[in-house]
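Heads up: the structure comes next, in structure tokens.
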Amino acid sequence: MTKFGKLLAVFIAAASLAFAGFAIATVFGGPDWLQMTQAGYLDYYKFTQGPAPDFTWTATRIADGQTVATSKRLPEVLSKVLDEVATRQQTELQTLTEREPILQTRVESLEKAKASDEAALVEYETQLRARLAATRVQEAELATKIIAATNEAQKLENVTEARREDVIRLQQQINELRADEFRLVAVQTQLQNLLIQFQGDQIRAKARQQSLQNQLQ
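Under mature numbering (1 follows the signal peptide of the UniProt record, and there is no 0), the letters of the sequence shown match residues -25 to -1, 1 to 192, in that order.
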């Protein structure tokens, strides 16, 4: 039996045991119907009881909210739900059974490809080891170049630091000049406002003078 066939057998056995438990409880009487609604294979259903006087039980699918069964007797509702569960499981089993030959063929193909790939991987590993050895030689040469470049970079860093201090000083001078420029603009604005005010005063004075002259005539 293939691995896939074994999985199917386990699945069928589990489903059979679940329904067998339900059947035994029904035959020997006194079943706890509410407890049965909590069974794992009924997780996809919701059981609700309506108000008085009918106290009707309704089973709905959680996935789409569709009503599966409605009755005043909970056992009848459970029976219809279990019929649907059994039908769905049979359909799933049929689908899995039909797919088994296809999957088995695929497994055999993959096993052949695996053998070919393993040989290719051995060859690839040999090539990688050769490339690794060459890379280590290159790393040693590169390390020497890096040390030389580091020394040169340190020299440049010293020069850069000196230039950075010069730039900071120049920036401070620029900031001071900008502050002076801002103050000059403020003073210029104040003078412009005073000039406008003075011109307004002149206009009002001339108008007043003209008015007085007119009164004297």
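Each residue gets a CB set at the ideal place from its N, CA and C atoms; glycine is no exception.
Just so you know, these numbers come straight off a predicted model, no measurement behind them.
Selected residue, minimal CA-CA separation from residue i, among the options
| i | options | result |
| --- | --- | --- |
| A27 | K47, Q10 and K89 | K47 |
Nearest-angstrom Cα separation, counted from residue j out to residue i
| i | j | result |
| --- | --- | --- |
| A128 | A88 | 53 Å |
| I143 | N150 | 10 Å |
| residue 276 | G15 | With the chain covering -25 to 192 only, the question about residue 276 has no answer from this structure. |
| R183 | Q148 | 52 Å |
| Q165 | I178 | 20 Å |
| D29 | W8 | 18 Å |
| K130 | L103 | 39 Å |
| L170 | V134 | 53 Å |
| Q167 | F173 | 10 Å |
| A137 | T110 | 39 Å |
| I37 | Q69 | 24 Å |
| A105 | E98 | 11 Å |
| I77 | E67 | 16 Å |
| Q188 | D155 | 49 Å |
Element boundaries [beta strand (DSSP E), containing residue i]
| i | result |
| --- | --- |
| K21 | Y20 to Q24 |
| T42 | T42 to S46 |
| T31 | From DSSP, T31 is part of no beta strand (DSSP E); its letter is neither H nor E. |
Residue range of the unbroken alpha helix (DSSP H) whose run includes residue i
| i | result |
| --- | --- |
| A90 | L49 to L191 |
| L17 | Looking at the DSSP string, L17 is not in any alpha helix (DSSP H), and its letter there is neither H nor E. |
Beta-carbon contacts of residue i that lie in its chain and below 8 Å, excluding the five residues immediately before and after
| i | result |
| --- | --- |
| T35 | Y20, K21, T23, Q41, T42 and V43 |
| T31 | Q24, G25, T45, S46 and K47 |
Other residues of its chain near residue i: CB distance less than 7 Å, five sequence neighbours each side excluded
| i | result |
| --- | --- |
| E140 | none |
| V56 | L17, Y20, A34, V43 and A44 |
Cβ neighbours of residue i in the same chain (closer than 6 Å, five flanking residues each side left out)
| i | result |
| --- | --- |
| F3 | Legend: pLDDT at F3 = 38, less than 50; position of this residue unreliable, no value from coordinates given. |
| D39 | none |
### Query
At a cut of 8 Å, does the stretch 54 to 62 reach the stretch 17 to 35 through at least three beta carbon pairs?
With the cut-off at 8 Å, the stretch 54 to 62 and the stretch 17 to 35 touch.
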